[in-house]
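Counting from 773, one number per residue, gives the positions in the sequence shown under this note's numbering. For each residue, glycine too, the CB sits at the ideal point set by N, CA and C. Right, one structure below, let's go through it.
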Amino acid sequence: MRIDMYLVYLLLRLLALLPLRTLHGLGAALGRLLLWRGGRTVQNTAANLAIARPQLDDRAQVALLREVMAESGKSASEIVKVWGAGAGRALALVREVRGEALLDAALAAGKGVIVAAPHLGCWELLNYWLCRKTPMAILYRPPRIAAIEGLLRKVRGALAPEQVRADGAGVRTLYKRLAAGGTVGILPDQKPRAGEGQIAPFFGRDALTMVLLPRLAARTGATVLFAFAERLPRGAGYRIHLLPAPAGLTEPSLDTACVALNRGVQACVELAFTQYQWQYKRYSADGLVSPYDRQDG
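Structural data, given as structure tokens:
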């Protein structure tokens, strides 16, 4: 590990001594500061919330935006605890697990498991929890700063998932792992590259949607489960959720499968609406009218 990354690691270890409630309070303050400053992140978040909650009036939209920005700040500050405290202490923050029997049954079936984990709640803690249950590979794109990979390996320790690059060789690795009855994790709401996705509705508006997950499930027969770690109020810890995949996800028609995929993400989001990564520009793609044009133009 590079010396600068090692210093970051030591800082994480030190800050992790703070109570989770304190870190969440600092994160919420950071989120509200970003809201006060404005900018594209806030504008994109507001545009997405207007799509997902069109029934709200202007006053309610502003209140929702304030809450979402506070939760966004918490998602940044809690990484200090999850990474700095180490996997064992971080997992002690899990207070409840809902749907664990679904995962146990899927693992016992031995036909492979695909965990679809949206950008919702604390996904780093979810990684720890899943890797304690079973070895897992995750599809990822390398960080822009290569040295960060060394830091990630250090903080994740023995409960680090196998990281598979999002390229042709990586996809073949996922197929092989699932065919052998293994487990893989995929971000189902990751916007694919141009030409590699399918248009499907997400909260009532067309969005470019990945086809990889439905194809993996259809070709391997693996069980698909949706999962996320919900942030509990006042720094009380986390609740793990595991949900079954909606009907249609493994249909040969990608139109049908991608509609089901987005429906599964929505089901998760509705359980912890303000903890979703609403700043993500899901609705911008070639051939779509972008709700962000005013900010991006």
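key: Sequence-distant residues of the same chain with beta carbon closer than 8 Å to E843, five excluded per side   = A800, G803, R1003, T1046 and Q1047
message = At 4 residues or longer, what runs of the alpha helix (DSSP H) sit wholly inside the segment 971-1059?
response = 984-992 and 1026-1043
query = Got a sec, what are the start and stop residues for the beta strand (DSSP E) E868 sits in?
reply = From DSSP, the beta strand (DSSP E) with E868 extends over V866 to R870.
key: Rounded Cβ spacing between L985 and P960 (contact assumed at less than 8 Å)   = About 6 Å separates the beta carbon of L985 from that of P960, a gap short enough to meet the 8 Å contact definition.
inquiry  = Residues in the same chain with beta-carbon distance under 7 Å from R1006, minus the five sequence neighbours each way, listed in chain order, please.
reply    = These residues qualify, in order along the chain: R793.
task = In the DSSP assignment, find the unbroken alpha helix (DSSP H) run with Y947 in it and report its ends.
result = G940 to A951
query = Roughly how many angstroms lie between the CA atoms of L1015 and A888, to the nearest whole one?
reply = The straight-line gap from Cα to Cα measures roughly 10 Å.
ask   = Under 8 Å between C-beta atoms, does E872 make it to chain C?
value = Looking at the structure shown, chain C is missing, and only one protein chain is on hand.
task = State buried or exposed for V1061, treating a residue as buried only when at least 16 other CB atoms are found within 10 Å of its CB.
result = Exposed: under 16 other Cβ atoms inside 10 Å.
query = What's the call for V834, buried or exposed, on a 16-neighbour Cβ count within 10 Å?
reply = exposed
task = Have a look at P1018 and Y781 and give me their C-alpha separation to the nearest angstrom.
result = 40 Å
ask   = Does the beta-carbon distance from L950 to V852 come in below 8 Å?
value = no
query = Does the segment 865-877 come close enough to the segment 920-933 that 3 or more CB-CB pairs lie under 8 Å?
reply = no
task = Might you give, ordered along the chain, the residues of its own chain that have their beta carbon closer than 6 Å to the beta carbon of Q970, omitting 5 neighbours on each side?
result = Apart from sequence neighbours up to five positions away, the residues of its chain that approach Q970 with a beta-carbon distance below 6 Å are T981, V983, L1026 and C1030, ordered along the chain.
query = Going by the beta-carbon positions, is the gap between A1008 and R867 smaller than 8 Å?
reply = yes
ask   = When the Cα of V996 is compared with those of Q962, I958, T1028 and I1012, which residue comes out closest?
value = I958
task = Following the continuous beta strand (DSSP E) through G957, name the residue where it begins and the one where it ends.
result = T955 to I958
request  = Consult DSSP for Q935 and reduce its assignment to one of helix, strand or coil.
outcome  = strand
Inter-residue spacing [alpha-carbon to alpha-carbon] between F975 and V1041 = 10 Å
inquiry  = According to DSSP, simplified to helix, strand and coil, what is Y900?
reply    = helix
key: Presumed contact (8 Å Cβ cut-off) between N816 and Q962, rounded CB distance   = Not a contact, Cβ separation roughly 16 Å.
query = When DSSP labels each residue in this structure, what does G929 get in the three-state scheme?
reply = helix
request  = Can you say whether R937 is buried or exposed, counting buried as having 16 or more other CB atoms within 10 angstroms of its CB?
outcome  = That one is exposed.
request  = Evaluate P826 with the Cβ neighbour count: other Cβ atoms within 10 Å of its Cβ, from every protein chain shown; 16 or more gives buried, anything less gives exposed.
outcome  = exposed
query = Roughly how many angstroms lie between the CA atoms of P1063 and F998, to the nearest whole one?
reply = 28 Å
inquiry  = By the three-class DSSP mapping on this structure, what secondary structure does I917 have?
reply    = coil
ask   = For R987, which residues of its own chain have a beta-carbon under 6 Å away from its beta-carbon, when the five flanking residues on both sides are left out?
value = none
request  = Would you give the residue range spanned by the beta strand (DSSP E) that A888 belongs to?
outcome  = V885 to A888
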